[in-house]
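> Mind having a look at this structure? Questions to follow.
Protein chains: 2
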Amino acid sequence: MNNKNAMDLKELVYKTRSFRRFDESYHIDLKVLEGLVDLARMSASAANRQPLKYLLFNTTEFCQRIFPSIAWAAYLKDWYGPDSGERPSAYIIILGDKSITETFSFDPGIAAQSIMLGATEEGLGGCMIGSIKREALRNDLRIPEKFEIILILALGKPAEKIFIDEIKDDDVKYWRDDQQNHHVPKRPLKELILKGYLIG
Amino acid sequence: MNNKNAMDLKELVYKTRSFRRFDESYHIDLKVLEGLVDLARMSASAANRQPLKYLLFNTTEFCQRIFPSIAWAAYLKDWYGPDSGERPSAYIIILGDKSITETFSFDPGIAAQSIMLGATEEGLGGCMIGSIKREALRNDLRIPEKFEIILILALGKPAEKIFIDEIKDDDVKYWRDDQQNHHVPKRPLKELILKGYLIG
């Protein structure tokens, strides 16, 4: 993978937001998707089992078939997902190979994070989606029962702005402002790092 | 966090191996650990709940207390973990706050990967450890029941070489050679990317 956008990891992590609206006309090359899977391949795996498999889609036909299997943005009650023209132009479906193990441990999150960081570096963005109509997707794509459908990574050229806000009143719900910018409340560091009761 | 070792993500991911032997004399500043948690803080969280909490340890006393709670390297049958002098010099314990949610989804893997990549950028390394004597650790550190003990990230200045090998005969077990170098067999990309049965 070429380093198209050299940045340190902090910048990369901060830029890796959950994007849900894209320039659907932007084509993502299969080589790019393969490069992202290679990042997942080289990431940690419980007991080194490496039980994850990947399905890659970058064609209009398959993107249209996968799109209806996804539940988008539960907190946005009047929004049912990106309109035509703003939809992802590629998907990576992460499967768990049950012939290797029945428990996939932390592997899917580790792999997904490597992929999404890699997407940002490529000037892309996307969203990890666990809310999936799994049986419909399995039937449509003829995914054998030996594979558990774990996560869908929707990818595209982002076409929305996302702002990180300080959390207020413990309300974690993301929201959209008048300009349709997306806002995400994040807990401050001092709330996440525990101190105090361990001494003694 | 300063970008001490500028590299693209592919290099960073490839260098982020599971290290288990360290220069124990190397001190890791608390600020570095806080920077790593900030990377986790800004990573994706299911429904944006952000239920993970973090305990940070960088003192000899606490490192000695945490070390016995860890089961090291299951595949190395004659090796029970790093000797004194080669042990981690910091730990990040990832907890799940059950007062926020009972299910932590993919958050721990996502967060752990951000942290371990950040450690590599800092010239550090380590190992994600899920095999933990949880009750002993909970009692010793007085971790309240409302927190699930999810993962321990052992961190230090790596003092071993790790080689990635092509997998043979589907044997995923890592091993050590005569020079005590660590070898990790990885599945090839073509085995991970599924093709063929989806058409029609």
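Chains as they are written, first to last, in this note's numbering: chain E, 993 to 1192; chain Y, 993 to 1192. No residue lacks a Cβ here, since even glycine has one placed at the ideal position from N, Cα and C.
Buried or exposed: where does Y:A1128 fall if 16 or more other Cβ atoms within 10 Å of its Cβ makes it buried?
By the 10 Å Cβ count, Y:A1128 comes out exposed.
> Does chain Y have any CB closer than 8 angstroms to the CB of E:A1066?
Closer than 8 angstroms to some Cβ of chain Y, the Cβ of E:A1066 qualifies, so yes.
> Grouping DSSP H, G and I as helix and E and B as strand, with all else coil, what is E:T1008?
Coil.
> Shortest alpha-carbon distance to Y:L1145 belongs to which of Y:L1109, Y:V1005, Y:K1138?
Of the candidates Y:L1109, Y:V1005, Y:K1138, the one whose C-alpha sits nearest the C-alpha of Y:L1145 is Y:L1109.
> Looking at chain E, which residues of the segment 1014-1036 of chain Y have a Cβ within less than 7 angstroms of any of its Cβ atoms?
Listed by position along the chain: E1026, V1029, D1030, L1031, R1033, M1034, S1035, A1036.
> Please work out which residues of its chain come closer than 7 angstroms, Cβ to Cβ, to Y:P1060, disregarding the five sequence neighbours upstream and downstream, and give them in chain order.
There are no such residues.
> Is there a C-beta anywhere in chain E that falls below 8 angstroms from the one on Y:M993?
Note that Y:M993 scores 44 on pLDDT, short of 50, meaning its location in the model is unreliable; the coordinates nonetheless yield the value given after this. Chain E, which has a Cβ nearer than 8 angstroms to the Cβ of Y:M993, makes this yes.
> If we ignore side chains and look at the alpha-carbon of each, how far apart do E:K1002 and Y:L1031 end up?
Distance between the alpha carbons of E:K1002 and Y:L1031 is about 6 angstroms.
> Using a cut-off of 7 angstroms between C-beta atoms, extract the partners of Y:S1076 located in chain C.
Of the protein chains in this structure, namely E and Y, none is chain C.
> Evaluate Y:P1150 with the Cβ neighbour count: other Cβ atoms within 10 Å of its Cβ, from every protein chain shown; 16 or more gives buried, anything less gives exposed.
By the 10 Å Cβ count, Y:P1150 comes out buried.
> Distance cutoff 8 angstroms, beta carbons only. Does Y:Q1042 sit that close to anything in chain E?
Answer yes: the Cβ-Cβ gap between Y:Q1042 and chain E drops below 8 angstroms somewhere.
> Would E:I1092 and E:P1043 be called neighbours here (beta carbons separated by less than 8 angstroms)?
Closer than 8 angstroms, so yes.
> Got a sec, what are the start and stop residues for the beta strand (DSSP E) Y:F1155 sits in?
Taken as a continuous stretch (DSSP letters only), the beta strand (DSSP E) holding Y:F1155 covers 1154-1158.
> Is Y:G1148 near Y:G1118, with beta carbons less than 8 angstroms apart?
Their beta carbons are under 8 angstroms apart, which means Y:G1148 touches Y:G1118 by this criterion.
> Along chain Y, in chain order, which residues have C-beta atoms closer than 8 angstroms to that of E:D974?
Past the edges of chain E, shown from 993 to 1192, lies residue 974 of chain E, and the structure says nothing about it.
> Using a Cβ cut-off of 7 angstroms, pull out every chain Y residue sitting near E:S1106, in sequence order please.
Chain Y residues near E:S1106: V1005, Q1105.
> Please list, in chain order, all residues of the same chain as E:R1126 whose beta carbon is under 7 angstroms from its beta carbon, the five residues on each side excluded.
For E:R1126, where only same-chain residues beyond five positions count, the Cβ hits under 7 angstroms are I1141.
> Ends of the beta strand (DSSP E) at E:K1178?
Where E:K1178 is concerned, the enclosing beta strand (DSSP E) stretches over 1174-1178.
> Hey, is Y:I1185's beta-carbon within less than 8 angstroms of any beta-carbon in chain E?
So, interface residue.
> Start and end of the alpha helix (DSSP H) containing E:A1063?
Where E:A1063 is concerned, there is no enclosing alpha helix (DSSP H), given that its DSSP letter is neither H nor E.
> Does the Cβ of Y:P937 have 16 or more other Cβ atoms within 10 Å, making it buried, or fewer, making it exposed?
In the structure as shown, chain Y begins at 993 and stops at 1192. Residue 937 of chain Y is therefore absent and cannot be evaluated.
> Less than 8 angstroms between the CB atoms is what I'm expecting for Y:N1050 and Y:L1022, so what's the real figure, rounded?
So it is a contact: roughly 6 angstroms between Cβ atoms.
> With a cut-off of 8 angstroms, does the C-beta of E:I1062 fall near any C-beta of chain Y?
For E:I1062, the answer is no, since every Cβ of chain Y falls outside 8 angstroms of its Cβ.
> What is the DSSP secondary structure of E:G1192, counted as helix, strand or coil?
Residue placement at E:G1192 is poorly supported in this model, since its pLDDT is 40, which falls under 50; the coordinates are not used for a value here.
> Give me the chain Y residues within the contact set of E:D1161, using Cβ-Cβ distance strictly less than 9 angstroms, ordered along the chain.
Correct list: empty, because the minimum Cβ distance to chain Y is about 14 angstroms.
> Which partner residues of Y:P1150 appear in the DSSP bridge assignment?
According to DSSP, Y:P1150 bridges with Y:F1014.
> Hey, how far is the Cα of E:N995 from the Cα of E:P1136?
For E:N995, the pLDDT reaches just 45, beneath the cut-off of 50, and the residue's location in the model is therefore unreliable, leaving the point undetermined.
> Could you work out which residues of chain Y lie near E:S1091, taking near to mean beta carbons separated by less than 8 angstroms?
Chain Y residues near E:S1091: none, gap ~11 angstroms exceeds 8 angstroms.
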